[in-house]
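Accompanying notes for the structure given below.
In the working numbering, the protein residues as written are 72 to 137.
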């Protein structure tokens, strides 16, 4: 629940964030703005443009910085 509170702050501020996401071969760094939070699926939508976005599972997030 605490992780969702931090994501909600990032979502409401609409500031760009840098997210490090776990990958089995090499961790991935992504930049963008959190535009949606799906609490049922435990995912956040990271947008980098109009049609460029990724849904990221919270369990895969290693770190996030504003």
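Built from N, CA and C at the ideal position, the CB exists for glycine as well.
Asked	Found
Residue 100 classed as buried or exposed, judged by whether at least 16 other C-beta atoms fall within 10 angstroms	exposed
Short Cβ contact (9 Å threshold) for residue 127 with residue 116	yes
CB contact flag (residue 90, residue 102, <9 Å)	yes
Length-filtered (3 minimum) beta strand (DSSP E) runs lying within the segment 86 to 131	88 to 92, 99 to 109, 114 to 118 and 124 to 128
Proximity winner among 98, 104 and 136, relative to residue 123 (alpha-carbon distances)	104
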